[in-house]
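Numbering (our numbering), first residue to last: 2 to 146.
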């Protein structure tokens, strides 16, 4: 039976992880409609915001055109024991240099498996966009946990 997670439990789930799926709505060229676009991202949850870094591309274009986004995170034991949190928020680019450096430091701390390639990654940091989803709501569901 599927039940709702309380907001605090859903936020705790966000806090425990650093990999989630970012959902945005992208404009279809030559069409008046939008379509969902979901992509895995590394993130850092702090102070009612989810922070992400990205090179320019599809997800950033979508968020710049429509700032509403969401992040989905889960813990799955098996098909009948799982929990999922969904965090909704508004896109904001982090432009302050000190804050950007702080966020990148925290993101890299959560990605120890990237240590061997970190020096190569740092070369591309000038092109890297750091952004947050300033959260407007956090919900969650679970089954038999």
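Ideal placement from N, C-alpha and C gives every residue a C-beta, glycine not left out.
Of the residues the options, which one's Cα is nearest the Cα of residue i?
| i | options | result |
| --- | --- | --- |
| residue 41 | 75, 101 and 140 | 75 |
| residue 24 | 59, 4, 12 and 8 | 59 |
| residue 27 | 9, 13, 4 and 66 | 66 |
| residue 61 | 95, 79 and 73 | 95 |
| residue 72 | 43, 100 and 97 | 43 |
| residue 101 | 126, 19 and 20 | 126 |
Residue i CB to nearest chain C CB: under 8 Å?
| i | result |
| --- | --- |
| residue 78 | Among the chains of the structure shown, chain C does not appear; only one protein chain is present. |
In or out: residue i buried (at least 16 other Cβ within 10 Å) or exposed?
| i | result |
| --- | --- |
| residue 6 | buried |
| residue 50 | buried |
| residue 17 | exposed |
| residue 39 | exposed |
| residue 105 | buried |
| residue 20 | exposed |
| residue 80 | exposed |
With a CB to CB cut of under 7 Å and the five nearest residues on each side skipped, what residues in its chain are close to residue i?
| i | result |
| --- | --- |
| residue 91 | 68, 69, 134, 135 and 137 |
| residue 77 | 83 |
| residue 10 | 141 |
Which residues in the same chain have their Cβ closer than 8 Å to the Cβ of residue i, if we skip the five residues on either side of it in sequence?
| i | result |
| --- | --- |
| residue 107 | 45, 47 and 52 |
Mind checking who residue i pairs with in its DSSP beta bridge?
| i | result |
| --- | --- |
| residue 140 | 87 |
| residue 41 | 22 |
| residue 94 | 132 |
| residue 36 | 27 |
| residue 8 | Beta-bridge pairing links residue 8 to no other residue. |
| residue 46 | 51 |
Skipping 5 residues on each side, what residues in its chain have a beta carbon closer than 6 Å to that of residue i?
| i | result |
| --- | --- |
| residue 3 | 142 and 144 |
| residue 99 | none |
For residue i, verify whether its CB is less than 7 Å away from any heavy atom of the ligand COA.
| i | result |
| --- | --- |
| residue 87 | With respect to the ligand COA, the structure shown offers nothing to examine, as it has no ligands at all. |
Are the stretch 126-137 and the stretch 51-61 in contact at 8 Å, needing three or more beta carbon pairs?
-> Cβ pair count under 8 Å is three or more, so yes.
Determine contact between the stretch 27-34 and the stretch 83-96, defined as no fewer than three beta-carbon pairs at a distance below 8 Å.
-> Taking 8 Å as the limit for Cβ pairs, the verdict is that the stretch 83-96 does not touch the stretch 27-34.
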